[in-house]
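Mapping the first sequence onto numbering that gives the first Met the number 0, position 79 (from 1) lands on 78, and the numbers just tick up by one. For each residue, glycine too, the CB sits at the ideal point set by N, CA and C.
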Amino acid sequence: MDQTVLSSQVYPYTIQTQSECIIVNQMDGSSSGDGSKPVKRRRKRRSKGSSSATNEDDVRAMERMFRKRKLTDEQVIMLEYSFENEHKLESGRKEKIAGELGLDPRQVAVWFQNRRARWKNKKLEEEYAKLKSQHDSDVLGQCQLESQVIKLTEQLSEAQNEIRKLSERLVVQETSTNSSSSSFSVEANDAPTDFEFSPMDTINDNIPLYMLDNNYYLQNMEYWDGLYVQF
DNA sequence: TTGTGTTTTACGACCTCC
DNA sequence: GGAGGTCGTAAAACACAA
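Rendered as structure tokens:
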């Protein structure tokens, strides 16, 4: 499409100087189709730093803004096609694309800048989604492991209770059958400390009693947590 | 129709590289 | 120092719900 045609036919256009932006709805300032006065809006642009605008700068800015318009679908399609091939433009390539599309090289450069920014944002969003998915998966795995730990802890507790009951039953049996004939006595929660038995002594003549590291052991049993526990 | 949110075009400021 | 990049933002254009 011809640049002149575009510039003169696409409305509204804007004229922008260093310090302000004037938006004109009709190029010649005449009234719009509904009979209302041409709308002119002035908006102050934010000023950054200590830039001092010259008249030349203003003129160039006005010239650029004079051409401000939305690109046509065909132009956007061609620019997208170029962007697929290369995200950054060589100077010559920029001029070529601008010539082919009837655009200012500056417009092509700006379009590529903005397109790169959009592409970068999209990449970031994709990366975020990927990381979030991974994180959610990790959290789920952690929950499963924690519930497994709880289940195993309960099983361990039940097993310990079972062991305690069995050992208590055994101790009661031993004490009831041997209470009058032996000086050996065993009580739960009371570690034996002063036994006189020598190794290989027995309880009731059939349960061997061993001594190791100043601890007394029944066969396959160990004094543990105040009780004799069978292993 | 209008208010509101999103996208697009363009810019200024600043940074990096040659 | 200039060319060309990113970043943040303005403002028009657009989409859409109420």
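Who are the Cβ neighbours of residue i in its own chain at under 7 Å, not counting the five residues just before and after it?
i      : result
Asn113 : none
Glu94  : Pro104
Just to confirm the assignment, what range does the alpha helix (DSSP H) spanning residue i have?
i      : result
His86  : It is not in any alpha helix (DSSP H) - His86 carries neither H nor E in the DSSP assignment.
Lys119 : 104-177
For residue i, I'd like the list of residues in its chain whose CB is within less than 8 Å of its CB, leaving aside the five on either flank, ordered along the chain.
i      : result
Leu78  : Leu70, Ile96, Leu100, Val107, Trp110, Phe111, Arg114
Thr192 : Residue placement at Thr192 is poorly supported in this model, since its pLDDT is 45, which falls under 50; the coordinates are not used for a value here.
Arg59  : At Arg59 the pLDDT is 45, less than 50, meaning the model places this residue with poor confidence; the figure from the coordinates comes in the next sentence. If we look at Arg59 and ignore the five residues flanking it on each side, it has no Cβ neighbours.
Glu85  : Arg92
Go ahead and pull the three-state DSSP assignment for residue i.
i      : result
Leu70  : coil
Gly91  : helix
Gly101 : coil
Ignore the nearest five residues each way along the sequence and tell me which others in residue i's own chain have a CB closer than 6 Å to its CB.
i      : result
Phe82  : Arg114
Leu88  : Phe111
Gln74  : Leu100
Arg92  : none
Tyr127 : none
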